[in-house]
Ligand SMILES: Nc1ncnc2c1ncn2[C@@H]1O[C@H](COP(=O)(O)OP(=O)(O)O)[C@@H](O)[C@H]1O
Ligand SMILES: [Mg+2]
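Laid out in structure tokens, this is it:
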């Protein structure tokens with residue numbers, strides 16, 4: 001039987017008078033690749049910010065495995081195995097792709113930034129292993145050739161891939177991807193579809209994918225949740241969601257006829 005990994009229970013986020021997420025409840029099973037879609041302003045990014053601890057919850061609960069994680073800080077959320085990417089890429093500017101990847105290892109491992117600076121034995125013992133993991137990951141993302149380039153100088157599609165690679169190097173159990181194909185050209189988007197499948201199936205990382213490109217969502221997500229104004233308006237497999245009248249209205253306006 002499949003096991004519940006994440007549960008949102010009546011999650012609510014208010015910004016002053018505006019309710020961005022309202023009594024939003026859902027569960028994610030271990031190993032799932034769940035699509036989360038909805039028109040602009042539906043509350044998708046806010047939901048990710050609540051899960052990742054980047055925003056404080058107004059009411060409701062977030063349960064991960066068997067623990068209530070509602071009030072944890074972002075670093076604590078990362079420590080328990082939840083990684084995310086941001087709609088606006090957050091790589092360290094001024095640093096190379098490789099240096100950005102190396103930063104990932106500070107978060108989950110017992111070697112810290114001082115080890116890197118002073119090059120202690122502890123660091124040297126592990127450096128080879130980390131570099132190997134980084135090399136393999138960059139290869140999977142087809143960005144090895146950019147390893148020594150400053151991230152600022154790279155096209156947006158490559159930066160996106162590097163950002164996702166960094167999140168993967170955290171070795172999460174769950175990854176939250178916020179519009180990963182934004183800024184990508186069609187061939188990069190096709191590549192990313194395969195990368196997301198690889199992340200979910202081969203690396204066995206449960207995934208929630210927020211994505212505006214419906215081809216991507218419908219192609220790879222067995223289950224999709226549709227949000228509008230902070231809550232679910234439809235849920236199911238791609239066929240079900242695509243033929244749902246509320247979804248069609250939310251995306252295309254009420255005058256639309258099938
Ligand atoms: N930090 C914030 N302060 C105030 N309002 C916000 C903030 N973040 C998001 N919102 C508002 O919350 C609503 C949901 O936004 P968001 O979660 O970004 O939607 P989505 O990602 O689905 O496009 C929008 O009306 C947005 O303007
Ligand atoms: Mg968003």
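Residue numbers (full-length UniProt numbering): 1 to 258. Where is the CB? At the ideal position from N, CA and C, for every residue including glycine. All figures in this text were calculated on a predicted structure; none of them were measured in a lab.
Could you tell me the distance, in whole angstroms, from the CA atom of residue i to the CA atom of residue j?
{"i": "residue 255", "j": "residue 84", "result": "The pLDDT assigned to residue 255 is 46, lower than 50, so where the model puts this residue is not dependable; a value taken from the coordinates is nonetheless given after this. So the two alpha carbons sit approximately 37 Å from each other."}
{"i": "residue 3", "j": "residue 32", "result": "10 Å"}
{"i": "residue 51", "j": "residue 227", "result": "16 Å"}
{"i": "residue 223", "j": "residue 237", "result": "5 Å"}
{"i": "residue 134", "j": "residue 49", "result": "27 Å"}
{"i": "residue 140", "j": "residue 132", "result": "13 Å"}
{"i": "residue 234", "j": "residue 247", "result": "7 Å"}
{"i": "residue 75", "j": "residue 30", "result": "22 Å"}
{"i": "residue 108", "j": "residue 78", "result": "Only weak support exists for where residue 108 lies, its pLDDT of 48 falling under 50; the value from the coordinates is given anyway. Going by the C-alpha atoms only, they are around 8 Å apart."}
{"i": "residue 88", "j": "residue 180", "result": "10 Å"}
{"i": "residue 215", "j": "residue 190", "result": "10 Å"}
{"i": "residue 103", "j": "residue 171", "result": "13 Å"}
{"i": "residue 36", "j": "residue 42", "result": "10 Å"}
{"i": "residue 250", "j": "residue 65", "result": "33 Å"}
Does residue i pass the burial test, meaning 16 or more other C-beta atoms within 10 Å, or should it be called exposed?
{"i": "residue 165", "result": "buried"}
{"i": "residue 245", "result": "exposed"}
{"i": "residue 72", "result": "buried"}
{"i": "residue 27", "result": "exposed"}
{"i": "residue 258", "result": "Its pLDDT being 34, under 50, residue 258 is placed unreliably by the model, and nothing is read from it."}
{"i": "residue 40", "result": "exposed"}
{"i": "residue 38", "result": "buried"}
{"i": "residue 92", "result": "exposed"}
{"i": "residue 188", "result": "buried"}
{"i": "residue 157", "result": "buried"}
Could you check whether the Cβ of residue i sits closer than 8 Å to any heavy atom belonging to ligand 2?
{"i": "residue 210", "result": "yes"}
{"i": "residue 45", "result": "yes"}
{"i": "residue 228", "result": "no"}
{"i": "residue 179", "result": "yes"}
Check each candidate in the options and name the one with the smallest Cα separation from residue i.
{"i": "residue 94", "options": "151, 129 and 188", "result": "151"}
{"i": "residue 219", "options": "227, 98 and 209", "result": "209"}
{"i": "residue 97", "options": "242, 145 and 78", "result": "145"}
{"i": "residue 259", "options": "178, 176, 161 and 233", "result": "Residue 259 is absent from the model: the chain starts at 1 and stops at 258."}
{"i": "residue 12", "options": "68, 77, 5 and 55", "result": "55"}
{"i": "residue 44", "options": "142, 251, 57 and 231", "result": "231"}
{"i": "residue 67", "options": "80, 240, 249 and 38", "result": "80"}
{"i": "residue 138", "options": "99, 126 and 212", "result": "99"}
{"i": "residue 203", "options": "167, 14, 130 and 156", "result": "167"}
{"i": "residue 206", "options": "126, 217, 176 and 183", "result": "176"}
{"i": "residue 213", "options": "239, 104 and 184", "result": "184"}
How many whole angstroms separate the CB atoms of residue i and residue j, which I take to be in contact at a CB cut-off of 8 Å?
{"i": "residue 90", "j": "residue 148", "result": "About 21 Å separates the two Cβ atoms, so there is no contact after all."}
{"i": "residue 34", "j": "residue 24", "result": "The pair is not a contact, with the Cβ atoms about 13 Å apart (cut-off 8 Å)."}
{"i": "residue 62", "j": "residue 70", "result": "5 Å"}
Please confirm whether any heavy atom of ligand 1 lies closer than 8 Å to the CB of residue i.
{"i": "residue 145", "result": "no"}
{"i": "residue 86", "result": "no"}
{"i": "residue 40", "result": "yes"}
{"i": "residue 15", "result": "yes"}
{"i": "residue 21", "result": "yes"}
{"i": "residue 176", "result": "no"}
{"i": "residue 55", "result": "yes"}
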